[in-house]
Amino acid sequence: MNSYYLWSSIIPLSIGTFLIRSSFIFLSDKFKLNDEIKLLFSYIPASVLPALLGPMVYFHKGEIDFFNYHERLIAFLFGCIICFYTKNIFLTIIAGLLGLYFLRLQFL
Amino acid sequence: MIKTDIFKYGFKSMFPVIPGMIPFGLIMGTVGITSGLSLPETMGLNFLVFGGASQLVAVDLMTKNTSSYLIIFTGIIINLRFILYSAANSVFLKECSFLFKLMGAYLLTDQSYAVTSAKETELRSNTERIHFYFGCGLCMFVFWNLSVLLGCLFGNIVPSSLSLDFAVPLSFMALTIPALKSKSYYFIAIQSLVLSILFINLPFNLGLIVTASLGIFSSYLFIKFKRKI
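The listed protein sequences correspond, in order, to chains A and B.
The numbering of the first sequence is this note's numbering, which starts it at 2 and goes up by one.
The numbering of the second sequence is this note's numbering, which starts it at 875 and goes up by one.
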């Protein structure tokens, strides 16, 4: 990969990210977040993370024609259920992967 | 408890969340190398940004030759959530010296924030919270960099039939679901999920930015009209 392209993307991104992280640690005496803004920030994970994972799961072409090659959707939903009840990242990943292996064993 | 004990306690308190992070780190390393980055480039990116989701998306967009501006903008949108953590942790970190504030800011991650806030009431003073937080942050830093390095070195050895790349959307989902505190959060998450799929063919890979912006806009409407659905 072109190294100018790489670093001209990465260095500003890392500076921007660091400034975001620094923001209130350095400025909390001068600025106060009002409750509405705090509430709005609390919606950021719900706005951003599903937008990252949606295309990864939906557009992945799998191997099982029984599920129209969308077996990852089924395994993903299974992972969602496990996550909802356990709230545990590790168990969720394991459940999703095992779910996928199970579907392959059964239908492939 | 004395200072070093609290620091170690913070370090150890991260152990339950580390196993969920390791596959993510391994994939970051593997994806870096398979996308044509060298080992120093992957580790440099990893050290500078220290934000898994934004790094992974940045590398993905780079392989599609997206403009640098859009890569930077997308990554920053993904990392905007750190403002919230910065505000929350400033309560105790503002008592640190300048150098430790810098380090404290750098070490802010989803995991170190989540674990510190979960133990907040157990810690009796801001000094204790500072030592605990740096223990958490260091633990995350060490294991994250180690797992990315392992991914760079051995990623190609793991057979692709194990589908470890599937761990990436799973770990994003596992970070999302605990953050959904009421029905309005579920609404926003489902809206983003659907729109991200509908907008996949937008030019310049703008789909993510447009989806995330609409999600934040809908959240604003929820708050504005105080609709507790």
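Backbone N, C-alpha and C define an ideal beta-carbon position, used for all residues, glycine too.
None of these values were measured; they are calculated from a predicted model.
**Asked** Residues of chain B with a CB under 8 Å from the CB of glutamate 37 of chain A: which are they?
**Response** Residue numbering aside, residue 37 of chain A sits at position 36 when the first sequence is read from its first letter. In chain order: Ile1097.
**Asked** Is the Cβ of leucine 106 of chain A closer than 8 Å to any Cβ of chain B?
**Response** In the first sequence, the residue the question calls residue 106 of chain A occupies position 105. It does not; no Cβ of chain B falls within 8 Å.
**the stretch 904-913 of chain B in contact with the stretch 985-1003 of chain B per 3-pair CB rule at 8 Å** = These segments do not touch.
**Item:** Minimum Cβ-Cβ distance from lysine 31 of chain A to chain B less than 8 Å
**Value:** Counting from 1 along the first sequence, the entry for residue 31 of chain A is found at position 30. With its beta carbon at least 8 Å from every one in chain B, lysine 31 of chain A lies outside the interface.
**Asked** Among A/Arg22, A/Glu37, A/Leu98, which has the Cα closest to the Cα of lysine 1100 of chain B?
**Response** Here residue 1100 of chain B corresponds to residue number 226 of the second sequence, with the count starting at 1. Of A/Arg22, A/Glu37, A/Leu98, the residue nearest in Cα terms is A/Glu37.
**Asked** Thinking just about the alpha-carbon of each residue, which of B/Asp984, B/Leu1054, B/Phe924, B/Phe1073 is nearest to the one in tyrosine 86 of chain A?
**Response** Here residue 86 of chain A refers to the residue found at position 85 when the first sequence is read from its first residue. It is B/Leu1054 whose Cα lies nearest to the Cα of tyrosine 86 of chain A.
**Prompt:** Does threonine 1001 of chain B have its Cβ less than 8 Å from a Cβ in chain A?
**Reply:** Position 127 of the second sequence, counting from 1, holds the residue named residue 1001 of chain B. For threonine 1001 of chain B, the answer is no, since every Cβ of chain A falls outside 8 Å of its Cβ.
**Message:** Can you check which of these residues, B/Phe881, B/Ser1045, B/Ser1087, B/Gly978, is closest to phenylalanine 27 of chain A by C-alpha distance?
**Reply:** The residue labelled residue 27 of chain A in the question sits at position 26 within the first sequence. Checking every option, the nearest Cα to that of phenylalanine 27 of chain A belongs to B/Gly978.
**Request:** Could you spell out where the alpha helix (DSSP H) holding alanine 927 of chain B opens and where it closes?
**Result:** Residue numbering aside, residue 927 of chain B sits at position 53 when the second sequence is read from its first letter. First-last of the alpha helix (DSSP H) with alanine 927 of chain B: 926-937.
**Asked** Can leucine 954 of chain B and isoleucine 21 of chain A be called in contact, C-beta distance under 8 Å?
**Response** As a position in the second sequence, residue 954 of chain B is number 80, starting the count at 1. As a position in the first sequence, residue 21 of chain A is number 20, starting the count at 1. Yes, the pair counts as a contact, with Cβ atoms nearer than the cut-off.
**Coil, strand or helix - cysteine 84 of chain A by DSSP** = Counted from its first residue, the first sequence places residue 84 of chain A at position 83. In this structure, cysteine 84 of chain A counts as helix in the three-state DSSP scheme.
**Asked** In whole angstroms, what separates the C-alpha of isoleucine 1103 of chain B from that of phenylalanine 956 of chain B?
**Response** Taking the first residue of the second sequence as 1, we reach residue 1103 of chain B at position 229. Taking the first residue of the second sequence as 1, we reach residue 956 of chain B at position 82. Interpretation of isoleucine 1103 of chain B is limited by its pLDDT of 49, a score under 50 that renders its predicted location unreliable; the figure taken from the coordinates is listed afterwards. Approximately 26 Å between the Cα atoms of the pair.
**Item:** CB contact below 8 Å: threonine 904 of chain B versus chain A
**Value:** Numbered from its first residue, the second sequence carries residue 904 of chain B at position 30. Output row for threonine 904 of chain B: interface = no.
**Prompt:** Exposed or buried, valine 891 of chain B, counting other C-beta atoms within 10 Å across all chains shown (16 or more means buried)?
**Reply:** As a working mapping, residue 891 of chain B is identified with position 17 in the second sequence. Valine 891 of chain B sits buried, since 16 or more C-beta atoms from the chains shown fall within 10 Å of its C-beta.
**Asked** In whole angstroms, what is the alpha-carbon distance linking leucine 1067 of chain B and phenylalanine 1073 of chain B?
**Response** Reading the second sequence from its first residue, position 193 is the one you call residue 1067 of chain B. Reading the second sequence from its first residue, position 199 is the one you call residue 1073 of chain B. Each residue's alpha carbon lies about 10 Å from the other.
**Request:** Note down, in chain order, all residues in the stretch 47-62 of chain A with a beta-carbon under 7 Å from any beta-carbon belonging to chain B.
**Result:** Correct list: Ala47, Ser48, Val49, Leu50, Pro51, Ala52, Leu53, Leu54, Gly55, Pro56, Met57, Val58, Tyr59, Phe60.
**Item:** Selection from B/Thr878, B/Ser964, B/Val1042 that minimises the alpha carbon distance to serine 29 of chain A
**Value:** For the purposes of this step, residue 29 of chain A is identified with residue 28 of the first sequence, where counting begins at 1. Nearest C-alpha to serine 29 of chain A: B/Ser964.
**Item:** asparagine 1079 of chain B versus B/Ser1035, B/Pro897, B/Thr940, B/Asn920, residue with shortest Cα-Cα distance
**Value:** In the second sequence, the residue the question calls residue 1079 of chain B occupies position 205. When each option's Cα is compared against that of asparagine 1079 of chain B, the closest is B/Thr940.
**Request:** Tell me, please, whether the CB atom of isoleucine 21 of chain A is closer than 8 Å to any CB atom in chain B?
**Result:** In the first sequence, the residue the question calls residue 21 of chain A occupies position 20. With its beta carbon less than 8 Å from one in chain B, isoleucine 21 of chain A belongs to the interface.
**Request:** Would you mind working out which of B/Ser1087, B/Ala1048, B/Met917 sits nearest phenylalanine 1021 of chain B, comparing C-alpha positions?
**Result:** As a position in the second sequence, residue 1021 of chain B is number 147, starting the count at 1. The residue asked about is misnamed: residue 1021 of chain B is serine in this sequence, not phenylalanine. With distances taken between Cα atoms, serine 1021 of chain B lies closest to B/Met917.
**Prompt:** Quick one, which residues of the stretch 884-913 of chain B are near chain A if we go by CB-CB under 9 Å, in chain order?
**Reply:** Pro890, Val891, Ile892, Pro893, Gly894, Met895, Ile896, Pro897, Phe898, Ser909, Gly910, Leu911, Ser912
**Prompt:** Do you know whose CA, among B/Lys938, B/Gly894, B/Gln1065, B/Ile952, lies nearest phenylalanine 19 of chain A's CA?
**Reply:** Within the first sequence, the letter at position 18 stands for residue 19 of chain A. Nearest option by C-alpha distance: B/Ile952.
**Message:** Checking 8 Å against the spacing of the C-beta atoms, do leucine 981 of chain B and methionine 936 of chain B come in under that value?
**Reply:** As a working note, residue 981 of chain B is residue 107 in the second sequence. As a working note, residue 936 of chain B is residue 62 in the second sequence. In this structure, leucine 981 of chain B sits away from methionine 936 of chain B, with a CB-CB distance that is not shorter than 8 Å.
**Message:** Using the three-state DSSP reduction, which class does threonine 878 of chain B fall into: helix, strand or coil?
**Reply:** Within the second sequence, residue 878 of chain B is the residue found at index 4, counting from 1. Reduced to three states, the DSSP call for threonine 878 of chain B is helix.
**Message:** I'd like to know if the stretch 41-50 of chain A and the stretch 968-978 of chain B are in contact, where contact means that at least 3 CB-CB pairs between them fall below 8 Å.
**Reply:** no
**Item:** contact_flag[the stretch 96-109 of chain A, the stretch 986-994 of chain B] where n(CB pairs < 8 Å) is 3 or more
**Value:** no
**Prompt:** Going by the C-beta, is leucine 900 of chain B closer than 7 Å to any heavy atom of the ligand FMN?
**Reply:** In the structure on display, the ligand FMN does not appear, and there are no ligands present to speak of.
**Request:** Output yes if chain B places a C-beta closer than 8 Å to the C-beta of phenylalanine 42 of chain A; else output no.
**Result:** One-based indexing of the first sequence puts residue 42 of chain A at position 41. It does; some Cβ of chain B falls within 8 Å.
**Request:** Flag this pair as yes or no: are the beta carbons of leucine 913 of chain B and cysteine 1026 of chain B separated by less than 8 Å?
**Result:** As a working note, residue 913 of chain B is residue 39 in the second sequence. As a working note, residue 1026 of chain B is residue 152 in the second sequence. A contact, by the Cβ cut-off of 8 Å.
**Message:** Quick check: isoleucine 65 of chain A and phenylalanine 103 of chain A, are their CB atoms within less than 8 Å of each other?
**Reply:** The residue given as residue 65 of chain A occupies position 64 in the first sequence. The residue given as residue 103 of chain A occupies position 102 in the first sequence. In terms of Cβ geometry, isoleucine 65 of chain A and phenylalanine 103 of chain A do not form a close pair [threshold 8 Å].
**Request:** Express the C-alpha separation of isoleucine 1090 of chain B and glycine 63 of chain A in angstroms, rounding to a whole number.
**Result:** Within the first sequence, numbered from 1, the residue matching residue 63 of chain A stands at position 62. Within the second sequence, numbered from 1, the residue matching residue 1090 of chain B stands at position 216. Answer to the nearest angstrom: the Cα atoms are 32 Å apart.
**Prompt:** Count the other CB atoms within 10 Å of the CB of arginine 73 of chain A; is the residue buried (16 or more) or exposed (fewer)?
**Reply:** Start at 1 with the first residue of the first sequence, and residue 73 of chain A comes out as number 72. Flag for arginine 73 of chain A reads buried.
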